[in-house]
Every structure is written in structure tokens, then in C-alpha cells.
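A.B. asks: Each residue of the sequence shown is one higher than the last, beginning at 1 in the UniProt record's numbering.
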Amino acid sequence: MKPADTLAKQTAGTNLNTLVGPKSQDTSPSNFDSSSDAPAAQQTAAVTQSPEPISKAQTADLRGITDTSGTPSRQQQQQPAESSTSPTPKREVTTVKPLRGVRINPEERQWHATVVHGRGVLEPYRHPRTHGVPVAFIQFRAHSPGPIQLAAHFASHAAASLGIPISGVVSLPTRRTLWTVPRGPFAHKKSQENFERRVHARAIKAFDADAEVVDRWVRYLEAHALPGVGMRVVRWHRLPVGIGRSHLQSVVGRMRLGRPTDKQKVKELGHRIVEVETQAAKQSDASA
């Protein structure tokens with residue numbers, strides 16, 4: 001055999017091993033005959049006789065060959081395996097989300113209705129709303145977040161003890177005020193000094209409570225107010241239909257319409273005085 005043929009054989013064998021893999025594992029019926037028992041040397045010689053390079057289509061065919069070791073090809077790996085059993089239908093699960101922080105617990109309701117020392121450090125119980133009608137809105141304002149947080153916690157516990165459904169403690173935007181003033185009128189006139197004031201705010205909203213209960217809650221908070229914490233209360237009163245007509249009737253009844261006014265009474269009194277004076281003058285003239 002010539003050296004050129006030997007070099008061509010080695011080159012073809014290297015390309016075939018690179019694309020297909022080991023010769024003993026390549027048993028695909030699409031490109032080779034698995035029934036033939038020809039040695040590997042004859043197959044190599046057959047490849048050597050074709051000096052033309054392998055085309056892209058042949059390379060794609062060689063890449064799709066499956067090995068005898070059981071390793072699937074790339075195309076087979078991409079296809080999902082179909083199970084023999086039919087897939088079970090998925091049940092639609094609907095979850096009911098309760099209100100944020102509201103926990104319905106009758107035992108906690110009874111515990112908060114009584115005085116138990118030490119429960120003030122725990123999270124206050126929030127009663128569930130019955131109708132969602134707002135009755136009061138309380139704002140707490142302070143220059144530091146510590147006391148205002150304690151005041152909101154105290155108000156929440158007081159509302160839980162009175163059975164008032166409330167919302168969570170809401171943080172309102174912090175108001176920031178800045179002043180720039182001269183440091184002094186004489187030597188320090190050109191230098192300036194900055195002063196800053198921050199006002200922190202928290203809010204609580206009450207729902208579905210009687211006006212008397214809300215009034216007692218507000219009075220209790222005012223009696224035990226924390227120093228340095230301001231409180232602002234906004235209340236909504238619900239009145240029955242036709243309250244305007246009943247108020248109008250009561251006002252008209254107090255006005256006493258149809259009776260003589262003060263001006264008429266003064267005139268009548270003046271006429272009586274004149275009559276009495278004239279009669280007295282006539283009697284004095286007659287006696288003289």
C-alpha cells in the first residue's frame with residue numbers, strides 16, 4: 001500500500017470516529033447493514049476509496065444515529081416521554097383570603113374583654129367587621145417614632161377590649177420642615193445655621209361601633225395620653241331617615257308662632273300708660 005493511501009485511510013478513520021463514535025457501537029440499519037459480519041478493516045477500506053469530503057446532510061444523518069449502549073440521541077432527549085397512564089386532571093383550589101390581621105377567635109375576644117395583666121405586650125386582637133361602616137378615624141403625631149408607636153399600640157388594645165373592629169396601624173408620610181437662618185447678627189452674620197423638624201404620623205380607623213362606645217374609647221385615650229404625642233379624632237354619626245323633618249318641627253314649636261311680639265307688647269304698654277296718666281290729670285282738675 002502506498003503512503004498516500006495509508007494517510008487517506010487514517011484521515012477517513014479519524015473523521016468517522018469523531019462523528020459517529022466507536023465502530024462497535026454503530027449498528028443503525030439506516031447507514032450500515034447490521035447482519036453483515038465483515039471485519040472493521042473492510043469497512044475502513046470502503047470509506048478510504050471515496051476521497052470526497054462528507055457533506056452536511058451526511059453529517060446530520062450520522063449525528064442522529066443511536067448507540068447500542070442505550071444512550072438516546074439529542075432529538076430523542078428533547079422529546080418528552082409519554083406516560084402509559086392517562087394524566088389525572090388538576091383540581092382548581094380556591095382559597096379565601098381573610099382580612100389582613102383579622103383572626104376570628106372567640107376565646108381571644110373573651111380574654112380581651114377582661115383585665116389580664118401582662119397581655120398588653122402581645123399583639124392586640126382585631127375583631128372582624130360586620131358591615132364595614134367607618135365610625136371614627138384617629139391620627140397620632142409626634143416628633144419621634146418611639147412614643148407614637150406605643151400610643152398606637154395602646155389605642156389598638158383599648159379598642160380590642162371595647163369590642164371595636166379597627167384597621168391596622170397605618171404609617172402616614174413623615175412631614176419634614178427645614179429652616180435656614182443667620183447664626184448671629186454681628187460677627188456670625190455671614191454664617192448660617194439649619195434647623196430641621198420631622199413629624200411622624202400613624203392612623204387607626206374604627207368600624208361598626210356604637211357612638212357611645214366610640215365616645216368612651218376616645219375619652220379613655222384622652223385620659224391616658226402620652227406626653228409628646230398629639231391626637232386628632234374625626235367621627236361620623238349615622239342618623240335615621242327623616243331626621244330633618246323632626247328637627248324642623250321641634251324648632252317651629254319652640255318659636256311660638258302666632259303670639260304677640262315684643263314690639264306689640266311695648267306699644268300696648270305705652271297706650272295703657274297714656275290712658276292712666278290722662279285719667280289722673282282729669283281727676284286732679286275736677287277736684288281743684
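Ideal Cβ positions, reconstructed from N, Cα and C, are used throughout, including at glycine. All values derive from a computational prediction rather than experimental measurement.
1. Could you tell me which whole beta strand (DSSP E) segments of length 3 or greater appear in the region 142 to 212?
2. Exposed or buried, what is serine 156 when buried is set at 16 or more other beta-carbons lying within 10 Å of its beta-carbon?
3. Would you call the region 137 to 147 and the region 194 to 201 in contact, with 3 or more CB pairs under 8 Å?
4. CB-CB under 8 Å to proline 134, same chain, minus the five flanking residues each way: which ones, in chain order?
5. Considering just the uninterrupted stretch of the beta strand (DSSP E) at glycine 230, what are its terminal residues?
6. Please look up how many angstroms separate the CB atoms of alanine 151 and leucine 248, rounded, as I've assumed it's under 8 Å.
7. Is it true that the region 173 to 180 meets the region 262 to 278, where meeting means three or more beta-carbon pairs spaced less than 8 Å apart?
8. Assign alanine 225 to one of three DSSP states: helix, strand, or coil.
9. Assign leucine 172 to one of two classes, buried (16 or more other C-beta atoms within 10 Å of its C-beta) or exposed (fewer than that).
10. Under 7 Å between the Cβ atoms of phenylalanine 137 and valine 234?
11. Which same chain residues end up closer than 6 Å to phenylalanine 195 when comparing Cβ atoms and leaving out the 5 residues on each side of it in sequence?
12. Give the DSSP-derived three-state secondary structure of aspartate 276 in the structure shown.
13. Does valine 251 come out as helix, strand or coil in the three-state DSSP assignment?
14. With DSSP as the reference, identify every bridge partner of isoleucine 138, one or two as the case may be.
15. Under the three-state reduction of DSSP, which class applies to tyrosine 125: helix, strand or coil?
16. Quick check on DSSP: helix, strand or coil for glycine 242?
17. Just the C-alpha distance for glutamine 283 and glycine 253, rounded to the nearest angstrom, thanks.
18. Cα separation between arginine 272 and threonine 278?
19. If you drop the 5 nearest sequence neighbours on each side, which residues of the same chain put their C-beta closer than 8 Å to that of glycine 132?
20. Kindly list the residues whose CB is nearer than 8 Å to the CB of glutamate 222, restricted to its own chain and excluding five residues on each side of it in sequence; keep chain order.
C.D. replies: Short version:
1. Runs found: 170 to 182 and 192 to 207.
2. Buried.
3. Yes: the two stretches touch, three or more of their Cβ pairs being nearer than 8 Å.
4. Within its own chain, the residues whose Cβ lies closer than 8 Å to the Cβ of proline 134, once the five positions on either side in sequence are excluded, are Lys205, Ala206, Phe207 and Trp236, listed in chain order.
5. Looking at the DSSP string, the run of the beta strand (DSSP E) that includes glycine 230 is 230 to 235.
6. About 43 Å separates the two Cβ atoms, so there is no contact after all.
7. The region 173 to 180 vs the region 262 to 278: no contact.
8. Secondary structure of alanine 225 (DSSP, three-state): coil.
9. Flag for leucine 172 reads exposed.
10. Yes.
11. Hits under 6 Å: Trp179.
12. Per the sequence presented here, residue 276 reads as valine, with aspartate not at that position. Valine 276 falls in the helix class under three-state DSSP.
13. In the structure shown, valine 251 sits in a helix (DSSP, three-state: H, G or I).
14. Note: isoleucine 138 sits in a beta bridge opposite Ile204 and Val233.
15. Here tyrosine 125 sits in coil by DSSP.
16. Glycine 242 carries a coil assignment under DSSP once its states are collapsed to helix, strand and coil.
17. Glutamine 283 and glycine 253: Cα-Cα distance of roughly 47 Å.
18. Those two C-alpha atoms are separated by around 10 Å.
19. Non-local beta-carbon contacts of glycine 132 in its own chain, meaning distances under 8 Å to residues more than five positions away in sequence, involve Phe207 and Asp208 in chain order.
20. These residues qualify, in order along the chain: Met231.
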